[in-house]
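Q: Each residue of the sequence shown is one higher than the one before, starting from 997 at the first, in the working numbering.
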Amino acid sequence: MQTLVMVQLQRPAQGDALRLFDHHRAEAHTNYPNTWVFPGASMPPEVEEYLRAEKIGFTSFFEIQPTATDSPDMLAAYLWLGYFEALREEEADLLLTRHTGLQEIIASTRLARELSEISPDIRWRNFGDRRGFMVLNPVPQLPDPVVVPHAVFVSEGETGIWAVRSDGRELLTSGNLEYLMLSGIANPTHCAVDGRLLRWRRGLIFGGRVLAFLMEHDVVGVRGLPSFLGRTDL
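Spelled out as structure tokens, the structure:
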């Protein structure tokens, strides 16, 4: 895995800023406007000093990316899915969607069988009277909390569920990764922030084997690219 630092500016970079970014081998982010990707896991001090001196507002965050040498068993990511009601008429053998909540996953029968072969502990049941579809049930829960090294926002809701926004770095223990090898998909019910264990509501996490299958087969319902998590042992 590699961690890259992103710097998002409040206005487009020009002149000296562009030359400085080029000197540090920064590249413009393909998805975010006015955002630059720097090699390495920290912003070069020269860049930060320049931006502050010129009073150019910026926000820095991180993106975790897999490398060519990473085993699928050591990878995991959040994956955003389209809604079942919008996609159920699609004529697709391989379909993966969510229902009304983040943790309600519906798959076409063929895809459910394929994923069961990849992850032996994954469990499905019939989706009511809707033929050709199955629902993930029960939804496995990660044994360990997701570790958030730095949270940029933390707020407790009325129901005891916390809203936590990380700086892009969210890490899994080796126990969580081993669990995902068998379960394939799991719900991260808790996170660890500044020594505190918090209940939160987050999207489901997909193990590397399941991710590889979904990406290689262009499964209908998958939206955008995976958002990868890192590891606590690196």
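Glycine included, each C-beta is placed from N, C-alpha and C at the ideal position.
Span of the beta strand (DSSP E) holding ASN1122?
A: What you label residue 1122 is simply residue 126 of the sequence shown in a count that begins at 1. 1120-1122 is the span of the beta strand (DSSP E), which, as asked, contains ASN1122.
Q: Do three or more CB pairs link the stretch 1035-1054 to the stretch 1079-1094 at distances below 8 Å?
A: No contact exists between the stretch 1035-1054 and the stretch 1079-1094.
Q: Would you decide whether ARG1219 is buried or exposed? Buried here means 16 or more other CB atoms lie within 10 Å of its CB.
A: The residue labelled residue 1219 in the question sits at position 223 within the sequence shown. So ARG1219 ends up on the exposed side.
Q: My parser needs the beta strand (DSSP E) runs of 3 or more residues fully inside the stretch 1109-1162; what are they?
A: Counting whole runs of 3 or more residues, the stretch 1109-1162 contains the beta strand (DSSP E) stretches 1120-1122, 1129-1132, 1142-1144, 1147-1152, 1158-1162.
Q: Using the Cβ count rule (16 or more neighbours within 10 Å means buried), how would you classify LEU1047?
A: Counting from 1 along the sequence shown, the entry for residue 1047 is found at position 51. Its Cβ being crowded by 16 or more others within 10 Å, LEU1047 is buried.
Q: Cα separation between GLY1226 and ALA1072?
A: Numbered from 1 along the sequence shown, position 230 holds the residue referred to as residue 1226. Numbered from 1 along the sequence shown, position 76 holds the residue referred to as residue 1072. Cα to Cα, GLY1226 sits roughly 8 Å from ALA1072.
Q: Sort TYR1028, VAL1033, PRO1029 by Cα distance to ALA1022 and report the nearest one.
A: As a position in the sequence shown, residue 1022 is number 26, starting the count at 1. Checking every option, the nearest Cα to that of ALA1022 belongs to VAL1033.
Q: By the three-class DSSP mapping on this structure, what secondary structure does GLY1199 have?
A: Along the sequence shown, one-based indexing puts residue 1199 at 203. If DSSP states are grouped into helix, strand and coil, GLY1199 belongs with coil.
Q: Less than 8 Å between the C-beta atoms of LEU1092 and PRO1222, yes or no?
A: Here residue 1092 corresponds to residue number 96 of the sequence shown, with the count starting at 1. Here residue 1222 corresponds to residue number 226 of the sequence shown, with the count starting at 1. No, Cβ-Cβ distance for LEU1092 and PRO1222 is not below 8 Å.
Q: For ALA1082, count neighbouring C-beta atoms within 10 Å of its own C-beta (all shown protein chains included) and say buried if the count is 16 or more, exposed if not.
A: As a position in the sequence shown, residue 1082 is number 86, starting the count at 1. Exposed, since its Cβ has fewer than 16 Cβ neighbours within 10 Å.
Q: Quick one: does LEU1107 have its CB under 8 Å from some CB of chain D?
A: In the displayed structure, chain D is absent; only one protein chain is listed.
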